[in-house]
Amino acid sequence: MTGRVVVAGLGPGAEALVTPEVRAALAAATDVIGYIPYVARVADRPGLVKHASDNRVELDRARHALELAGQGRRVVVVSSGDPGVFAMASALFEAVEAGPPAWCDLRIEVLPGITAMLAAAARAGAPLGHDFCAINLSDNLKPWALIEKRLRLAVEADFAMALYNPRSKARPEGFVRALDLLREACNDARPVIFARAVSTPEESLRVVPLPECRPEMADMRTVVLVGSSRTRVIARTGAPYVFTPRSA
721 MTGRVVVAGL GPGAEALVTP EVRAALAAAT DVIGYIPYVA RVADRPGLVK HASDNRVELD
781 RARHALELAG QGRRVVVVSS GDPGVFAMAS ALFEAVEAGP PAWCDLRIEV LPGITAMLAA
841 AARAGAPLGH DFCAINLSDN LKPWALIEKR LRLAVEADFA MALYNPRSKA RPEGFVRALD
901 LLREACNDAR PVIFARAVST PEESLRVVPL PECRPEMADM RTVVLVGSSR TRVIARTGAP
961 YVFTPRSA
């Protein structure tokens, strides 16, 4: 087959953080598919068709990309951050697995990007410098009981945590419950970083002790980094440095 699908990460927001590999794939694309604000980040040009859709139709979007590639189109499916971190790469392969056998023969590439937790950690210092995990707090695709279990186990294992999709208008109560659970399970004042819209003009970074965290400090443009019991804060003029030492 002559068509192909590239699943590409656009990074956290700044154009400077889009990789050259992703730029080249976009320059060669006939079609770009993705969530509305991500597709809007791709510049219009002659010969490029843009297919924007809502955020809750990931499998439909993946099937559409594969169908176009089967017609010989060069398709780029765009995600923010990295496409393999709570994004479109997994949905695409799920569609391949359930789809017609011909889709398995398509050329499919996944191009990495800088995901929000790494961009936020770099701004703060090195809070993910030792073992860490990433947990999506959205219960759209999994039950809240599973999210709660994973949070408790992460605390028990003393991981630093990156919490994605903490709080939306449709489900504001989830982050309230997550903070209550963390305060109870951690029972300390470890630092929590609220990193919003990192690398964009709207960027903000706030370091708050866990007992002082409030749900309204986060929204869907925020990634929340929760330190482990060993994470340290270096006070200085301006924003502090936060890091987790690599020693056990």
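For the sequence shown, the working numbering gives the first residue as 721, with consecutive numbering after it. Glycine residues also receive a C-beta, built at the ideal position from the N, C-alpha and C atoms.
#### Entry: At least three beta-carbon pairs within less than 8 Å, the stretch 777-797 to the stretch 809-818
yes
### Query
Taking C-beta to C-beta, are V805 and V725 nearer than 9 Å?
Mapped onto the sequence shown, residue 805 falls at position 85. Mapped onto the sequence shown, residue 725 falls at position 5. It is not a contact, given that the beta carbons lie outside the stated cut-off.
### Query
Any heavy atom of the ligand PLP closer than 8 Å to the CB of I753?
Although the ligand PLP was asked about, the structure shown includes no ligands whatsoever.
### Task
Sort Q791, R903, G801 by Cα distance to A917 and report the nearest one.
The residue you call residue 917 lines up with position 197 of the sequence shown. Of the listed residues, the one whose Cα sits closest to A917 is G801.
### Message
Buried or exposed for P911, going by 16 or more other Cβ atoms inside 10 Å?
### Response
For this step, residue 911 is matched to residue 191 along the sequence shown. It counts as buried.
### Message
Relative to the C-alpha of V928, which candidate in P960, T920, A822 has its C-alpha closest?
### Response
Counting from one through the sequence shown, the residue named residue 928 turns up at place 208. Closest by alpha carbon: P960.
#### Entry: Nearest-angstrom beta carbon gap, R891 and P935 [assumed within contact, 8 Å]
As a position in the sequence shown, residue 935 is number 215, starting the count at 1. As a position in the sequence shown, residue 891 is number 171, starting the count at 1. Not a contact, Cβ separation roughly 11 Å.
### Task
Please determine, among G894, R897, P732, D900, the residue with the shortest C-alpha to C-alpha distance to P757.
Along the sequence shown, read from residue 1 onward, the residue named residue 757 stands at position 37. Ranking G894, R897, P732, D900 by Cα distance to P757 puts P732 first.
### Query
For the beta strand (DSSP E) that H784 lies in, which residues bound it at each end?
Within the sequence shown, residue 784 is the residue found at index 64, counting from 1. Careful: H784 lies outside any beta strand (DSSP E), inside the alpha helix (DSSP H) at 778-790.
### Message
If you follow the beta strand (DSSP E) that P757 is in, where does it begin and where does it stop?
### Response
Numbered from 1 along the sequence shown, position 37 holds the residue referred to as residue 757. Where P757 is concerned, there is no enclosing beta strand (DSSP E), although the alpha helix (DSSP H) it sits in stretches over 756-760.
### Message
Taking contact to mean 3 or more Cβ pairs, one atom from each stretch, closer than 8 Å, check whether the stretch 754-772 and the stretch 829-842 are in contact.
### Response
By the Cβ criterion, the stretch 754-772 is not in contact with the stretch 829-842, since fewer than three pairs of Cβ atoms, one from each stretch, lie closer than 8 Å.
### Task
Could I get the ranges of all uninterrupted beta strand (DSSP E) runs contained in the stretch 900-953, with 3 residues as the minimum, in chain order?
911-916, 924-929, 942-946
### Reduced DSSP secondary structure (H/G/I, E/B, other) of V796
In the sequence shown, counting from the first residue as 1, residue 796 sits at position 76. Residue state, collapsed to three classes: strand.
### Query
Can you give the beta carbon distance from G972 to L786, rounded, assuming they're within the 8 Å contact cut?
The first residue shown for the chain is 721 and the last is 968, placing residue 972 beyond what the model contains.
### Task
Examine the Cβ distances between the stretch 935-950 and the stretch 841-855 and report whether three or more of them are shorter than 8 Å.
Yes, the stretch 935-950 touches the stretch 841-855.
### One or two residues paired with S773 in a DSSP bridge
Here residue 773 corresponds to residue number 53 of the sequence shown, with the count starting at 1. Note: S773 is bridge-paired with Y755 in the DSSP secondary-structure output.
### Reduced DSSP category for A729 - H, G, I as helix; E, B as strand; rest coil
As a first step, residue 729 is located in the sequence shown; it is residue number 9 there, counting from the start. Checking the sequence, you will find Gly at residue 729 rather than Ala. Three-state DSSP puts G729 in a strand.
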